[in-house]
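Enquirer: Pasting in a structure now, in structure tokens, and then I'll have a few things to ask.
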Amino acid sequence: MKKDRVLVERHVIPKEDDMVGFERLKETLIKLLVADSRSAGLKHICVVGIGGSRKTNVYESKKVLKMYDCHAWIPVSHSCKINKVLRSMLKQLCKVRKQPDLLELDEGEVRDKLKKDLQRRRYFLILDDVWGEDDWKSIVHALPQGSGGSKIIVTSPKHNLAKSCVGSSDYYC
1 MKKDRVLVER HVIPKEDDMV GFERLKETLI KLLVADSRSA GLKHICVVGI
51 GGSRKTNVYE SKKVLKMYDC HAWIPVSHSC KINKVLRSML KQLCKVRKQP
101 DLLELDEGEV RDKLKKDLQR RRYFLILDDV WGEDDWKSIV HALPQGSGGS
151 KIIVTSPKHN LAKSCVGSSD YYC
């Protein structure tokens, strides 16, 4: 049986101090997010060390949102509970609203539902304030990797996490 290959494009956006203001960062992010690359796999973009930089401007951009079937903003934080994060992703990305139904699912079922529901959809996800590499891996493994044109922005104060998100060959800061 032939195994499908999945392309995962990855980018790191330098911290705000290395750029000429927030507008340049915003323009760079929007350009990456609206690039119509449906044939490409899931793309990871990491923004390092810029807590409180008005990322909502990018997330709320109509130009960005119209490119995706669904979108979500997920705060992760230092004391991340993976099951809570995955349930929040399921609620926002897959529009699962019935709390009793959602609460009855174990973590494996939540992962399966996320993968199944997002497999053929183009989604945009912001994982805000990711601290742990294990947290990042647990979250990203719950998502389908071949979703053409889907994008994840990961914000983190940690440079080593950016390396994990995007790979060392594309890493710069």
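In terms of UniProt numbering, the sequence shown has 58 at position 58, counting the first letter as 1, and numbering is strictly consecutive. Note that CB positions come from ideal geometry on N, CA and C, so glycine has one too. The structure presented is a predicted model; accordingly, all values stated were derived computationally and were not measured.
Would you give the residue range spanned by the alpha helix (DSSP H) that residue 136 belongs to?
Expert: Position 136 of the sequence shown, counted from the start, is the residue given in the question as residue 136. That run of the alpha helix (DSSP H) goes 133 to 140.
Enquirer: How many Å lie between residue 68 and residue 156 at the Cα?
Expert: Within the sequence shown, the letter at position 68 stands for residue 68. Within the sequence shown, the letter at position 156 stands for residue 156. Answer to the nearest angstrom: the Cα atoms are 23 Å apart.
Enquirer: Whole angstroms is fine: what's the gap from residue 152's alpha carbon to residue 96's?
Expert: Position 152 of the sequence shown holds residue 152. Position 96 of the sequence shown holds residue 96. Roughly 20 Å between the two C-alpha positions.
Enquirer: Check the DSSP bridge columns for residue 35 and list the partner residues they point to.
Expert: For the purposes of this step, residue 35 is identified with residue 35 of the sequence shown, where counting begins at 1. Paired residue(s): none; residue 35 is not in a bridge.
Enquirer: By Cβ distance, which residues of its chain are closer than 8 Å to residue 83, with the 5 residues on each side in sequence left out?
Expert: As a working mapping, residue 83 is identified with position 83 in the sequence shown. Cβ neighbours of residue 83 beyond the five flanking positions: 107 and 110.
Enquirer: What's the C-alpha gap between residue 130 and residue 44?
Expert: Sequence index remark: in the sequence shown, residue 130 carries index 130 (1-based). Sequence index remark: in the sequence shown, residue 44 carries index 44 (1-based). Roughly 13 Å separates the two Cα atoms.
Enquirer: Please list, in chain order, all residues of the same chain as residue 127 whose beta carbon is under 6 Å from its beta carbon, the five residues on each side excluded.
Expert: The residue labelled residue 127 in the question sits at position 127 within the sequence shown. Once the five neighbours on either side are set aside, the close Cβ partners of residue 127 are 74, 76 and 154.
Enquirer: Is it buried or exposed, residue 25, if we count other Cβ atoms within 10 angstroms and call 16 or more buried?
Expert: Here residue 25 refers to the residue found at position 25 of the sequence shown. Residue 25 should be labelled buried.
Enquirer: In terms of residue numbering, what span does the alpha helix (DSSP H) encompassing residue 159 cover?
Expert: Locating residue 159 in the sequence shown gives position 159, counting from the first residue. 159 to 166 is the span of the alpha helix (DSSP H), which, as asked, contains residue 159.
Enquirer: Taking the DSSP output, what are the residues bridged to residue 127?
Expert: To locate residue 127, count along the sequence shown from 1; it is residue 127. 74 and 154.
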